[in-house]
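Chemist: Let me give you the structure first, and then I'll get to my questions.
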Amino acid sequence: MRILQLHCDSIEYTPTKKEIREAEEITPQTQNLKDVLVAFVAVEKGDDSAVARDAASQVLESLKKIGCTRLLLYPYAHLSSDLARPSVALQLLSEMKEAFPGMEVHSSPFGWTKSYKLQVKGHPLAEGFKVITGSEKKADSAALEGESKIRSYWKILSPDGSLVNIGDFDFAKHKKLETLAKYESAKQRNADVPPPHVALMKKLAIADYEPASDSGNMRFFPNGRLIKSLIETYVTERVREYGGYEVETPIMYDSEHPSMVSYFNRFPARQYSIDSEGKKLFLRFAACFGQFLMASRFQMSYKNLPYRLYELTRYSFRREQSGELVGLRRLRAFTMPDCHAFCKDMKQAVTELDARFELSRSVLHELGIRDSDYDMAIRFTEDFYNENRDSIKALVSKHGRPVLVEMWKEKFFYFVLKWEFNFVDSFGKASALSTDQIDVENAERYGIKFVDEHNQTRYPIILHNSPSGAVERVIYTLLEKAADDSKHGLKPQLPLWLAPTQVRIIPLKEEFYGFCDALAGRISACRIRADIDDRNESIGKRIREAEKEWIRYIMVVGSKEAGSDTLSIRDRNSGDVRDVSFDDFAREVSEQTKDKPFAALNLPRDLSKRPQLMV
RNA sequence: GCCUUGGUAGCUCAGCCUGGUAGAGCGAACGCCUCGUAAGCGUUAGGUCGCGGGUUCAGAUCCCGUCCGAGGCUCCA
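Letter by letter, the first sequence follows residues 3 to 617 of my numbering.
What follows is the structure, given as structure tokens:
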């Protein structure tokens, strides 16, 4: 569909002659309108109701922007050389006419030759041209978003259950929450520099931009892959423990498959598309499709519920705007643990929601993200709040601090409740980590059913949880936290179980290499990652470099240590050197990494064998 | 998409304002040193100054255009 918009002082038109058989039946007479937005509309092949809705909401936006309340829809075939059939055009135009609440809407007759005279206003927004196509959902989402803002209100809910408007809340003790709350309106940013984690992810040889790919598609070096893999393994283990069953589903889908078409209209992410043998495929932006399509093939009884499916998507794709991509914080390809629970009724859903809330809190904690590092936001419809006050209050009191609330008068998206934990970085940027949603629409959309106690077929309620949020974003959070520590005079560090090297062994002279080699073997046998700096460099330099890599334990081996069971250990936490027996040391490390996955060193053990990574 | 900013050796950057032989540190190769808890020393190799055009006797430097990156804005159900 193509629309030419002109904000006019006046327009006058006279239908003169029917042009086609399907023309509207009217009595031709001259019409005159003043201060009106004239929308010349050409309906094209392939346009459908969704396009019409999209177009209408875009025009509505323009009307609001220029402060005009009168609209003339003017069918105008000459804007396109690929027109829809007249019957379709007529149908869509009449649908559009109904889509302007509170506006005075006129339409000129379809299928007539008309003479017209118009006077266009002279301001910059007076003229505009839009092309709306079925695959372009961005504008649609903008419209939905715009609508939701108008009909939602922001509040703060405290652990004691009190709910106050944002303006009435005292943020003195909750600065980060204030930042989160004002995030939408806070336009100013501190610095014109990239966030600290971008330099860190390169320096620590974790990840880097890959210029040969699309922006927001990162490459992970051996260190980064190790860290990422450990986090992935850990989150997966925890979800399995909670009761999620791990599955694997395709990363691309046919956008013309019936179950996708309606979902697209309500799920307006920007997707990557791929044309293959006439199919228009798109890359998934979440695991939802795969799991829903799978679950729709299950024959489920209420006795099977709640039933939980889990997938760690590597990757999910969202084609975010290029200007929005930053380091590991916001990507176009990311790794997302995604766990859906199918529940028989709202009571069960709320119970399940609670279990997943605990899971998410615990997972973040074990990943090294404390509850004081994030703030909680929760969004729900007014009805849901009124029916579930106690459950909502219980979540907030578990969090223990006031939370940001967005309350909708009515349901706009497919969920009635959504909560998320947001990490607010030192620049005041908020990023969601864990999240869960109560979805009351998609079961029906995807034909996911179960049979209840009374042999009735029903649609389950679906919860969408990511206990950690995107894995890349977890790494971003850990790096930003470390950078923040460093700014406050503390030594930056990763949690020990995620450190690419846990112990660095430094032989004082070449003659101790043999002992170091054996020592590294013994340490590795205790599932501890140890490497050896066997380069011909000064002892000072090698220690300095180990410190720069944030390595927690450094062992220098000289004549004192060689052949002895006592190790001389420099602990990054204290900066001091102490003597410890091998067994005590092994115990100290395993104590700190217990219940966490382990992976062996992912680099050559000897530093002399490692290529330098210049990034 | 808009605004800002950058592109010079493998990496980080200086030089550009005020035109005149292409610079430093790190890293790499080779050699010396064989070292006790945050940078030991020397030598060598390495550059179409993003690309295209213009002005000039002469352009990394001035002008125009263009490509690519980054940050901000919009955006982020």
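Glycine included, C-beta positions come from ideal geometry on N, C-alpha and C.
1. Using C-beta distances below 7 Å, list every residue in its chain close to arginine 607, excluding the 5 sequence neighbours before and after it, in chain order.
2. Which residues in the same chain have their Cβ closer than 6 Å to the Cβ of leucine 165, if we skip the five residues on either side of it in sequence?
3. Of all the alpha helix (DSSP H) runs that stay within the bounds of the stretch 544-589, which reach a length of 4 or more residues?
4. Express the C-alpha separation of valine 426 and lysine 178 in angstroms, rounding to a whole number.
5. Residue ranges of each beta strand (DSSP E) run of no fewer than 3 residues wholly in the stretch 45-78, ordered along the chain?
6. Once DSSP output is grouped into helix, strand and coil, what is the label at histidine 176?
7. Among the candidates Ser576, Asp373, Phe319, Pro260, whose CA atom is the shortest distance from the CA of isoleucine 276?
8. Could you tell me whether the Cβ atoms of threonine 623 and arginine 358 are closer together than 8 Å?
9. In whole angstroms, give me the CA-to-CA distance for methionine 254 and cysteine 290.
10. Taking glutamate 46 as the reference, which of Asp581, Glu547, Leu95, Phe423 has the closest Cα?
11. Can you tell me whether arginine 332 is buried or exposed, with buried defined as 16 or more other CB within 10 angstroms of its CB?
12. In terms of DSSP beta bridges, what is cysteine 10 paired with?
13. Do valine 122 and leucine 75 have their C-beta atoms closer together than 8 Å?
14. Quick check on this structure: which residue in Glu389, Phe382, Asp487 has the alpha carbon closest to the alpha carbon of isoleucine 440?
15. Once DSSP output is grouped into helix, strand and coil, what is the label at arginine 506?
16. Might you give, ordered along the chain, the residues of its own chain that have their beta carbon closer than 6 Å to the beta carbon of arginine 372, omitting 5 neighbours on each side?
17. Does DSSP put alanine 532 in a helix, in a strand, or in coil?
18. Out of Leu65, Gln31, Phe452, which one is the CA nearest neighbour of proline 308?
19. Report the CB separation of arginine 531 from alanine 602 in whole angstroms; it is logged as a contact under 8 Å.
20. On a CA-only basis, which of Leu465, Thr459, Gly325, Asn457 is nearest aspartate 356? Give me that one, please.
21. So, is leucine 146 buried or exposed, given that buried needs 16 or more other C-beta atoms within 10 angstroms?
22. Run the CB neighbour count on valine 579, radius 10 Å, all protein chains shown included, and call it buried at 16 or more, exposed below.
23. Evaluate phenylalanine 417 with the Cβ neighbour count: other Cβ atoms within 10 Å of its Cβ, from every protein chain shown; 16 or more gives buried, anything less gives exposed.
24. Would the beta-carbon of phenylalanine 423 fall within 8 Å of that of serine 362?
25. When the distance is taken between beta carbons, is alanine 214 closer than 8 Å to threonine 337?
26. Identify, in the order they occur along the chain, each residue of the same chain with its Cβ nearer than 6 Å to the Cβ of alanine 297, setting aside the five sequence neighbours on each side.
27. Per DSSP, which one or two residues make a beta bridge with arginine 331?
28. What is the rounded straight-line gap between the Cα of threonine 134 and the Cα of threonine 18?
29. Nearest by alpha-carbon distance to lysine 511: which of Pro252, Lys493, Asn538, Leu498 is it?
30. Could you check if tyrosine 478 is buried or exposed, using at least 16 other CB atoms within 10 Å of its CB as the buried criterion?
31. Buried or exposed for asparagine 225, please, with buried defined as at least 16 other CB atoms from any protein chain shown within 10 angstroms of its CB.
32. Indicate the three-state DSSP secondary structure (helix, strand or coil) for asparagine 388 in the structure shown.
33. Between serine 154 and methionine 409, is the Cβ-Cβ spacing less than 8 Å?
34. Would isoleucine 662 and valine 61 be called neighbours here (beta carbons separated by less than 8 Å)?
35. Would you call the CB atoms of leucine 232 and serine 257 closer than 8 Å?
36. Could you tell me which of Tyr304, Phe415, His259, Pro494 sits nearest to leucine 295, measuring between CA atoms?
Modeler: Well, looking at it:
1. Locating residue 607 in the first sequence gives position 605, counting from the first residue. So the qualifying residues of the chain are Ala522, Asp533, Ile534.
2. Counting from one through the first sequence, the residue named residue 165 turns up at place 163. So the list reads Lys157, Leu159, once near-sequence residues are dropped.
3. Counting whole runs of 4 or more residues, the stretch 544-589 contains no alpha helix (DSSP H) stretch at all.
4. Translated into the one-based positions of the first sequence, residue 178 becomes position 176. Translated into the one-based positions of the first sequence, residue 426 becomes position 424. Straight-line Cα distance between these residues: approximately 7 Å.
5. Qualifying beta strand (DSSP E) stretches, in chain order: 72-77.
6. Taking the first residue of the first sequence as position 1, residue 176 is located at position 174. Histidine 176 sits in coil when the DSSP states are folded into three classes, being neither helix nor strand.
7. Taking the first residue of the first sequence as 1, we reach residue 276 at position 274. For the residues Ser576, Asp373, Phe319, Pro260, the minimum Cα distance to isoleucine 276 belongs to Phe319.
8. For residue 623 there is no data in the structure shown, the boundaries of the chain being 3 and 617.
9. Locating residue 254 in the first sequence gives position 252, counting from the first residue. Locating residue 290 in the first sequence gives position 288, counting from the first residue. Rounded to the nearest angstrom, the two C-alpha atoms are 12 Å apart.
10. Walking along the first sequence from the start, residue 46 turns up at place 44. Among Asp581, Glu547, Leu95, Phe423, the Cα nearest to that of glutamate 46 belongs to Leu95.
11. Taking the first sequence and counting its residues from 1, the one referred to as residue 332 is at position 330. Classification of arginine 332: buried, given that the 10 Å Cβ count is 16 or more.
12. Counting from 1 along the first sequence, the entry for residue 10 is found at position 8. Residue pairing by DSSP places cysteine 10 opposite Val38, Val122 in a beta bridge.
13. For this step, residue 122 is matched to residue 120 along the first sequence. For this step, residue 75 is matched to residue 73 along the first sequence. In terms of Cβ geometry, valine 122 and leucine 75 do not form a close pair [threshold 8 Å].
14. One-based indexing of the first sequence puts residue 440 at position 438. Measuring from the Cα of isoleucine 440, the nearest candidate turns out to be Phe382.
15. As a first step, residue 506 must be located in the first sequence, where it is residue number 504. The answer is strand: DSSP assigns arginine 506 an E or B state.
16. Here residue 372 refers to the residue found at position 370 when the first sequence is read from its first residue. Hits under 6 Å: none found.
17. On the first sequence, position 530 is the one that residue 532 refers to. DSSP, reduced to helix, strand and coil, places alanine 532 within a strand of the structure shown.
18. For this step, residue 308 is matched to residue 306 along the first sequence. It is Phe452 whose Cα lies nearest to the Cα of proline 308.
19. One-based indexing of the first sequence puts residue 531 at position 529. One-based indexing of the first sequence puts residue 602 at position 600. Confirmed, Cβ separation roughly 7 Å.
20. Mapped onto the first sequence, residue 356 falls at position 354. Closest by alpha carbon: Leu465.
21. Here residue 146 corresponds to residue number 144 of the first sequence, with the count starting at 1. Note that leucine 146 has pLDDT 42, beneath the 50 cutoff, so the model's placement of it is unreliable and no number is given.
22. Position 577 of the first sequence, counted from the start, is the residue given in the question as residue 579. Exposed, because fewer than 16 other Cβ atoms sit within 10 Å of the Cβ of valine 579.
23. On the first sequence, position 415 is the one that residue 417 refers to. Counting C-beta atoms within 10 angstroms of its own C-beta, phenylalanine 417 has 16 or more neighbours from the protein chains shown and is therefore classed as buried.
24. The residue given as residue 423 occupies position 421 in the first sequence. The residue given as residue 362 occupies position 360 in the first sequence. Result yes, Cβ atoms of phenylalanine 423 and serine 362 sit closer than 8 Å.
25. For the purposes of this step, residue 337 is identified with residue 335 of the first sequence, where counting begins at 1. For the purposes of this step, residue 214 is identified with residue 212 of the first sequence, where counting begins at 1. The Cβ atoms of threonine 337 and alanine 214 lie no closer than 8 Å to each other.
26. Translated into the one-based positions of the first sequence, residue 297 becomes position 295. The residues are Ile450.
27. For the purposes of this step, residue 331 is taken as residue 329 along the first sequence, with counting starting at 1. Partner(s): none; arginine 331 has no beta bridge.
28. Here residue 134 refers to the residue found at position 132 when the first sequence is read from its first residue. Here residue 18 refers to the residue found at position 16 when the first sequence is read from its first residue. According to the sequence displayed, residue 134 carries isoleucine and not threonine. Approximately 30 Å between the Cα atoms of the pair.
29. Reading the first sequence from its first residue, position 509 is the one you call residue 511. Residue Asn538 is the option with its Cα nearest to lysine 511.
30. Looking up residue 478 in the first sequence gives position 476. Buried: at least 16 other Cβ atoms inside 10 Å.
31. On the first sequence, residue 225 is found 223 positions in, with the first residue counted as 1. With 16 or more other Cβ atoms within 10 Å, it is buried.
32. Here the question's residue 388 lines up with position 386 in the first sequence. Helix, per DSSP.
33. Here residue 154 refers to the residue found at position 152 when the first sequence is read from its first residue. Here residue 409 refers to the residue found at position 407 when the first sequence is read from its first residue. Against a cut-off of 8 Å, the Cβ pair of methionine 409 and serine 154 comes out as a contact.
34. For the chain, the structure presents residues 3 to 617; residue 662 sits outside this window and is missing.
35. As a working mapping, residue 232 is identified with position 230 in the first sequence. As a working mapping, residue 257 is identified with position 255 in the first sequence. No, Cβ-Cβ distance for leucine 232 and serine 257 is not below 8 Å.
36. What you label residue 295 is simply residue 293 of the first sequence in a count that begins at 1. Of Tyr304, Phe415, His259, Pro494, the residue nearest in Cα terms is His259.
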